[in-house]
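Here's the structure, in structure tokens; my notes come after.
Number of protein chains: 4
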Amino acid sequence: MDLVRSGNQSSPLAGGMTLRGVVPYLVTPIRADGRPDPGALRTITAQAVAAGVQGLVPLGSSGEFPYIGDKDRAVVLRAVVDEAGGATPILPGVGGFSVEQAVAQARAAVDAGADGVLCIILAFGRLSDDEILRYVEGVVSAVDVPVGLYHNPELCGVSFSDRVVKAALVDGGASFVKDASGHLDNLSRWVDLVGGKAEIFSSTAVSPTAAMLLGASGWMSGPATAFPAASVRVFELCQEGRWRDALIVERALEPALDLFRRLGPTRGAKALVTASGIPAGPPVPPLAPLDPQEMEWSASCVAEVQRRIDALPDWSSPGHD
Amino acid sequence: MDLVRSGNQSSPLAGGMTLRGVVPYLVTPIRADGRPDPGALRTITAQAVAAGVQGLVPLGSSGEFPYIGDKDRAVVLRAVVDEAGGATPILPGVGGFSVEQAVAQARAAVDAGADGVLCIILAFGRLSDDEILRYVEGVVSAVDVPVGLYHNPELCGVSFSDRVVKAALVDGGASFVKDASGHLDNLSRWVDLVGGKAEIFSSTAVSPTAAMLLGASGWMSGPATAFPAASVRVFELCQEGRWRDALIVERALEPALDLFRRLGPTRGAKALVTASGIPAGPPVPPLAPLDPQEMEWSASCVAEVQRRIDALPDWSSPGHD
Amino acid sequence: MDLVRSGNQSSPLAGGMTLRGVVPYLVTPIRADGRPDPGALRTITAQAVAAGVQGLVPLGSSGEFPYIGDKDRAVVLRAVVDEAGGATPILPGVGGFSVEQAVAQARAAVDAGADGVLCIILAFGRLSDDEILRYVEGVVSAVDVPVGLYHNPELCGVSFSDRVVKAALVDGGASFVKDASGHLDNLSRWVDLVGGKAEIFSSTAVSPTAAMLLGASGWMSGPATAFPAASVRVFELCQEGRWRDALIVERALEPALDLFRRLGPTRGAKALVTASGIPAGPPVPPLAPLDPQEMEWSASCVAEVQRRIDALPDWSSPGHD
Amino acid sequence: MDLVRSGNQSSPLAGGMTLRGVVPYLVTPIRADGRPDPGALRTITAQAVAAGVQGLVPLGSSGEFPYIGDKDRAVVLRAVVDEAGGATPILPGVGGFSVEQAVAQARAAVDAGADGVLCIILAFGRLSDDEILRYVEGVVSAVDVPVGLYHNPELCGVSFSDRVVKAALVDGGASFVKDASGHLDNLSRWVDLVGGKAEIFSSTAVSPTAAMLLGASGWMSGPATAFPAASVRVFELCQEGRWRDALIVERALEPALDLFRRLGPTRGAKALVTASGIPAGPPVPPLAPLDPQEMEWSASCVAEVQRRIDALPDWSSPGHD
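Pasting the structure below:
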């Protein structure tokens, strides 16, 4: 019976690494002078690595991707790659409007030590399927590392049809897609469509446990930056088929997930990381600074999540589904 | 640990019945003269009852609710209530634009033997929260049976805020809501919000197994009319915590669910029922008749689903999650 | 040079009447017992006729079309037809979800003395072009009077493609379309498309003067019920090619048009009519009653419009464009 | 009587220039090596200047603004500024996601000789009013030249509220706004709102003649690059109050406007310019090259427009409104 994809397949990354599991989006901490703060970034990276995450995405949506200039991108990448030291794959967000911009960023990322790239497509008007595929092909053929695709119609204005998903991921050499559309029927249909030839990652827009039950390979997540260990635990329990236990751990994170959804991926992730004890600085202007009320809300979310995590049953115990 | 709602609560319907489980939407079979076909409707009803469904919704979206006039509504209701004979709750769709229309339909339904009503709100322009609640209150106070709410922003143009859900279901006397928005984060948040005081039902827009994992009380479903036994099996496996097994059965139904999503709730359900062997007749004009290509597609879907169901492991065996 | 349509063509209505100009939507005044108030309706009708309007639409969007039941519809029609006494064409809104409902209403309207009908198509899910045309054909072939089409995607969920406009209005026997989409490029393209074989009417969503400059045959208007004489003056000045003068009169009405846009076609029209001195009663539940603040706003709008109208230059003077 | 704004006001640009009239968006011609073609750009600029346009916008939407990197931007600006030689104001598009990017581009533009800038705001997620105003303030305070705002919700994902328009244009130092929303009611309301303190420009989404009747100061236009003289004539006739004549000239351009709307502002403008005889090269990848069918369509549009222009009455004759 193979109507449902089993949970043990994996895609090899460069160097034999595989890509499945919890992959936090790293925020880009900003100093008072407006430049990235490599020190804070190293602390966040180290915490995530110590918690056992299966990969890291700097310069993604929660990393304020389109707001960070080329020089600052290099600073961010250097800090993350150096701190991770090969312990986990680094998959920075790259992209822009033109293929040229995307290729330049992708090459720079690989030169800086990235193990793969998460390709973000920005649009100024609706792109056709062929235009989307032209973009993907440009990036895939420009670098030797795995290329993933970021699908977030609301943020990017680009919507993937089933045809695009098939052409890019089955025939076109892309290795994974992160679906942040919030439509689990899309994710589920795409799992079928790619038939194990690529990974489909869930976002925070809906329950990652439900997404993994439906065949997602893991969770690319902004809030996981603030709570990497519990996030990894959700994935592990899903791997063990302990879906209800996974959901129990996920629900411990719910106040943070809810805040993230309401404040958005950039301001929300910065609020959570800062409340967790690592000063992430303000969002890049014109994004509004977090006001006192938002910071208070964030602090109480983080405290509540911690309380819930502490109250969880011993995770190593056998499932009680 | 009660972050995740346990699966054993239930709401009493009139007569001590509870409402949880698989509740098929019945199509409204149409004869050559354009009037409802009570005979075909009785056959569909009998099959669903025999398969052990936990309720039935005639005159819902798949029953072409807004296209059926008052006289025909009475014919439909009489056939279903009489055929079911009290074996399962009958919860017809009622509603319209004005409170007066909704109340008249609700009262007529109760007089005809309905055990509850599924209240559909149509809008000609955006309704405020207060206007939605005024409508719900009008129906709830007009009848003595449980009142459920139909939430389908795309079809009805009415979108429920969290405030509406809380006011209607926790404080306002409504008993359940069927969420056909396709956003599982809504459903999940509403499960929390109503705190066990009302039932949240899933639609076919996304995986019912995932919805039940997240706390849905069951599945109100057009395709379940064509495949009631397998649909009920999905619910039972979810009740037993055998989520992966439930998903395996659900995926056996996938070709039918996919067709239903693509052809829409009225034409899709009629295509599936007809291909399953019960002539449901054409959709009500101006809805287009099913063309030969669509009927062929539907026939092959039904055959494929049957093949998949036949290949399923013995359902009574212990789970292999 | 005929790139721009000249303003002197006209479509004959039954009895040799033509249809061009200002056609107010009549509100449906409601009494304390919830039933229509024929007396108030007669007063509104008489005022509009006296002001020289070129037609009247009872039971349109501002007439709360979908909220009024069949018996009340008959009461409304009788009052308007009788009061107008043939002085101006009566074109009631008719329609629903099914062709059967639309045909029944259209026939009832003609039997009651309507000179034409404004066909409103409601949708429960997206209708295809062919389904829209099937509906139109059903109504056109059922009655002997001119049939117009109401195009308001936001309220009705039905959007006309150019193909539908051409098929319905050039080849399909429909006589006019009222475009309430607010997109003047649509209106302008449709003027070209129908090539004088049908009338294209403007709504209040955008400037009626601009619409008539672009070729609209007139203005079907909720606010014109409250200010019929000034509205007719706008049309007359457009007919004379005095576009700037027409705009000056239109801008005198602007406070009323703005209120109408903000409160919506049903509540907005009732607020204006009531503030103009004819008690129109509350909107039909669940639509919210007009609160004191809204009524005060409406009263000050009506006063301001009156002040502006009084300050206008003598309309009979030659243009000063 | 001042309900309608008279057409003779004007805003001084730096150096006493005023900004009203037809302001073509210049395409960015691309050579075989992917870089901008300064020669072709000079030809386009010279033609527009010779036709008497009132300003020029290089690097706007039709100039493929977000697809052009910083080095290429400099090449484009140099060619246009140099060729125009002060004959008409040059107002390049500047902007991005962050204030820093926008300020850097604005300063570079001024250094290169721009007389003003058209500020484009890109968004990665919804921006609040305050965030939009923070962005505008950043640019306005960074340069000494007039700053205009580009409003195109569909392309940029940024929608201006009335509050933003008032705060930016009346109190915040911005000098004009180009409204490409296609909603003439917005434009008309904004004309009132700014009360002559700033200019409101129309786009090609709707009739520029209608927009100018409603108070627009002019037309910022992609197609005007291909037909500058006729476009200027539309403006002049509007200035003279010859609205119907203006519309007659505008309708001569209609085939080009229609193609532009259908192919979009980048591909559409390039198709028109190329068909007019100046090789503009392909759109920047991933935007699709113009296929033979599109080029043929474009050629026939240009020919038809030319035929219509040739058939126009002698423009210097007195109006026949």
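Protein chains in written order, with my numbering: chain A, 1 to 321; chain B, 322 to 642; chain C, 643 to 963; chain D, 964 to 1284.
Positions of the beta carbon are idealized from the N, C-alpha and C atoms, including for glycine.
Treat the numbers as computed from the prediction; the structure is a model and nothing was measured.
Chain B contacts from the region 905-937 of chain C (Cβ-Cβ distance under 8 Å) = Per Cβ criterion, the list reads G906, P907, T908, V926, P927, P928, L929 and A930.
query = Which partner residues does V194 of chain A have in the DSSP bridge list?
reply = Indexing the first sequence from 1 puts residue 194 of chain A at position 194. Paired residues: none, contrary to the question.
Beta carbon of E452 of chain B nearer than 9 Å to that of A930 of chain C = Reading the second sequence from its first residue, position 131 is the one you call residue 452 of chain B. Reading the third sequence from its first residue, position 288 is the one you call residue 930 of chain C. Yes.
ask   = Sorry if obvious, but does the Cβ on A444 of chain B come closer than 8 Å to a heavy atom of the ligand HEM?
value = Among the ligands in the structure shown, none appear at all, so the ligand HEM cannot be discussed.
ask   = Using DSSP with H/G/I as helix, E/B as strand and the rest coil, what is S542 of chain B?
value = On the second sequence, position 221 is the one that residue 542 of chain B refers to. Looking at S542 of chain B - three-state DSSP - the assignment turns out to be strand.
task = Count the CB pairs spanning the region 113-125 of chain A and the region 1019-1032 of chain D that are closer than 8 Å, and state whether there are at least three.
result = Output reads yes: the region 1019-1032 of chain D touches the region 113-125 of chain A.
message = By alpha-carbon positions, which one of D:T1172, D:P1001, D:R1230 and D:A1215 ends up nearest to G984 of chain D?
response = Working through the fourth sequence from its first residue, we reach residue 984 of chain D at position 21. Measuring from the Cα of G984 of chain D, the nearest candidate turns out to be D:T1172.
inquiry  = When you compare the CB positions of S823 of chain C and P795 of chain C, do they come within less than 9 Å of one another, or not?
reply    = Locating residue 823 of chain C in the third sequence gives position 181, counting from the first residue. Locating residue 795 of chain C in the third sequence gives position 153, counting from the first residue. Annotated as proximal: S823 of chain C and P795 of chain C, with beta-carbon spacing under 9 Å.
request  = Pair every Cβ in the region 672-679 of chain C with every Cβ in the region 916-931 of chain C, then say whether three or more of these pairs are closer than 8 Å.
outcome  = Counting Cβ pairs under 8 Å, three or more are found: they touch.
message = Would P734 of chain C and V722 of chain C qualify as a contact pair, given that the criterion is a beta-carbon distance under 9 Å?
response = Here the question's residue 734 of chain C lines up with position 92 in the third sequence. Here the question's residue 722 of chain C lines up with position 80 in the third sequence. In terms of Cβ geometry, P734 of chain C and V722 of chain C form a close pair [threshold 9 Å].
ask   = Nearest to A1011 of chain D by alpha carbon, out of D:R1225, D:A1189 and D:R1196?
value = Locating residue 1011 of chain D in the fourth sequence gives position 48, where the first residue counts as 1. Closest by alpha carbon: D:A1189.
query = Tell me which same chain residues have a C-beta within less than 8 Å of the C-beta of F843 of chain C, skipping the five on either side of it?
reply = On the third sequence, position 201 is the one that residue 843 of chain C refers to. Around F843 of chain C: V665, G790, F818, V819, K820, D821, A858, S859, G860, W861 and M862.
query = In chain A, which residues lie less than 8 Å from P1276 of chain D when you measure between Cβ atoms?
reply = Here residue 1276 of chain D is taken as the residue at index 313 of the fourth sequence, counted from 1. Near P1276 of chain D there are no residues of chain A at all, since even the closest Cβ is about 37 Å away, more than 8 Å.
Contact belief for L534 of chain B with V515 of chain B at Cβ below 8 Å, rounded distance in angstroms = For the purposes of this step, residue 534 of chain B is taken as the residue at position 213 of the second sequence. For the purposes of this step, residue 515 of chain B is taken as the residue at position 194 of the second sequence. In this structure L534 of chain B does not touch V515 of chain B by the C-beta definition: roughly 17 Å separates them, more than the 8 Å allowed.
ask   = Taking 9 Å as the CB-CB limit, is G446 of chain B close to chain C?
value = Taking the first residue of the second sequence as 1, we reach residue 446 of chain B at position 125. Contact with chain C is found for G446 of chain B, since one of that chain's Cβ atoms lies less than 9 Å from the residue's Cβ.
ask   = Ordered along the chain, which non-local residues of its own chain (more than five positions away) have a Cβ less than 8 Å from that of F1060 of chain D?
value = Here residue 1060 of chain D refers to the residue found at position 97 when the fourth sequence is read from its first residue. So the qualifying residues of the chain are L1085, A1086 and F1087.
ask   = Residues in its own chain within less than 6 Å of S1239 of chain D by CB, not counting five upstream and five downstream?
value = Here the question's residue 1239 of chain D lines up with position 276 in the fourth sequence. Around S1239 of chain D: A1189 and V1265.
key: Secondary structure of P680 of chain C, DSSP reduced to three states   = Along the third sequence, read from residue 1 onward, the residue named residue 680 of chain C stands at position 38. It is helical.
inquiry  = I want to see whether chain C comes within less than 9 Å of A1266 of chain D, judged by CB atoms only; does it?
reply    = Along the fourth sequence, one-based indexing puts residue 1266 of chain D at 303. With 9 Å as the cut-off, A1266 of chain D does not count as an interface residue toward chain C.
task = Please classify L454 of chain B: does DSSP put it in a helix, a strand, or coil?
result = Start at 1 with the first residue of the second sequence, and residue 454 of chain B comes out as number 133. It is helical.
Residue from D:V1121, D:N1149, D:D1045 and D:R1097 whose Cα sits closest to the Cα of A1137 of chain D = Indexing the fourth sequence from 1 puts residue 1137 of chain D at position 174. Answer by Cα proximity: D:R1097.
Rounded Cβ spacing between E1162 of chain D and L1022 of chain D (contact assumed at less than 8 Å) = In the fourth sequence, counting from the first residue as 1, residue 1162 of chain D sits at position 199. In the fourth sequence, counting from the first residue as 1, residue 1022 of chain D sits at position 59. Rounded, the Cβ-Cβ distance is 20 Å, inconsistent with contact.
query = Going along the chain, which residues of its own chain have a beta-carbon closer than 6 Å to the beta-carbon of D111 of chain A, five neighbours each way excluded?
reply = On the first sequence, position 111 is the one that residue 111 of chain A refers to. For D111 of chain A, where only same-chain residues beyond five positions count, there are no Cβ hits under 6 Å.
query = Under 9 Å, do T587 of chain B and V374 of chain B count as touching if we go by C-beta distance?
reply = Along the second sequence, read from residue 1 onward, the residue named residue 587 of chain B stands at position 266. Along the second sequence, read from residue 1 onward, the residue named residue 374 of chain B stands at position 53. It is not a contact, given that the beta carbons lie outside the stated cut-off.
task = Measure the C-alpha to C-alpha separation of G814 of chain C and C477 of chain B and round it to an integer number of angstroms.
result = Your numbering for residue 814 of chain C matches position 172 in the third sequence. Your numbering for residue 477 of chain B matches position 156 in the second sequence. Straight across, the Cα-Cα distance linking G814 of chain C with C477 of chain B is about 29 Å.
request  = In the DSSP assignment, find the alpha helix (DSSP H) that holds V757 of chain C and state where it starts and stops.
outcome  = Walking along the third sequence from the start, residue 757 of chain C turns up at place 115. Strictly speaking, residue 757 of chain C in this sequence is Asp, with Val absent from that position. Unbroken run through D757 of chain C: none, as it is neither H nor E.
ask   = Rounded to a whole number of angstroms, what is the C-alpha to C-alpha distance between G1079 of chain D and L1004 of chain D?
value = By 1-based counting over the fourth sequence, the position of residue 1079 of chain D is 116. By 1-based counting over the fourth sequence, the position of residue 1004 of chain D is 41. Between the alpha carbons of G1079 of chain D and L1004 of chain D lies a distance of about 19 Å.
query = Among D:A1050, D:S1122 and D:A1072, which one has its Cα closest to the Cα of A1013 of chain D?
reply = Translated into the one-based positions of the fourth sequence, residue 1013 of chain D becomes position 50. Minimum Cα distance to A1013 of chain D is reached at D:A1050.
ask   = Would you report the Cα separation of L1147 of chain D and S1263 of chain D, rounded to the nearest angstrom?
value = On the fourth sequence, position 184 is the one that residue 1147 of chain D refers to. On the fourth sequence, position 300 is the one that residue 1263 of chain D refers to. If you take the alpha carbons of L1147 of chain D and S1263 of chain D, they lie about 30 Å apart.
query = Does the beta-carbon distance from D82 of chain A to G113 of chain A come in below 9 Å?
reply = On the first sequence, position 82 is the one that residue 82 of chain A refers to. On the first sequence, position 113 is the one that residue 113 of chain A refers to. Against a cut-off of 9 Å, the Cβ pair of G113 of chain A and D82 of chain A comes out as a contact.
ask   = Listed from N- to C-terminal order along the chain, which residues in the region 1198-1212 of chain D have their beta-carbon within a distance smaller than 8 Å of any beta-carbon of chain C?
value = If the cut-off is 8 Å between Cβ atoms, the region 1198-1212 of chain D has G1204, W1206, R1207, L1210 and I1211 near chain C.
ask   = Which of the three DSSP states, helix, strand or coil, is assigned to G1145 of chain D?
value = Within the fourth sequence, residue 1145 of chain D is the residue found at index 182, counting from 1. Coil at G1145 of chain D, not helix or strand.
inquiry  = Using the Cβ count rule (16 or more neighbours within 10 Å means buried), how would you classify P576 of chain B?
reply    = The residue you call residue 576 of chain B lines up with position 255 of the second sequence. By the neighbour-count rule (16 or more Cβ atoms within 10 Å), P576 of chain B is buried.
ask   = For L901 of chain C, which of C:A888, C:L889, C:I672 and C:V915 has the nearest alpha-carbon?
value = As a working note, residue 901 of chain C is residue 259 in the third sequence. For L901 of chain C, the closest alpha carbon among the candidates C:A888, C:L889, C:I672 and C:V915 is that of C:V915.
query = Beta-carbon of V527 of chain B versus every beta-carbon of chain A: anything under 9 Å?
reply = Position 206 of the second sequence holds residue 527 of chain B. The C-beta of V527 of chain B comes closer than 9 Å to at least one C-beta of chain A.
inquiry  = Please report the straight-line C-alpha distance between A784 of chain C and A748 of chain C, rounded to a whole angstrom.
reply    = In the third sequence, the residue the question calls residue 784 of chain C occupies position 142. In the third sequence, the residue the question calls residue 748 of chain C occupies position 106. C-alpha separation (whole angstroms): 8 Å.
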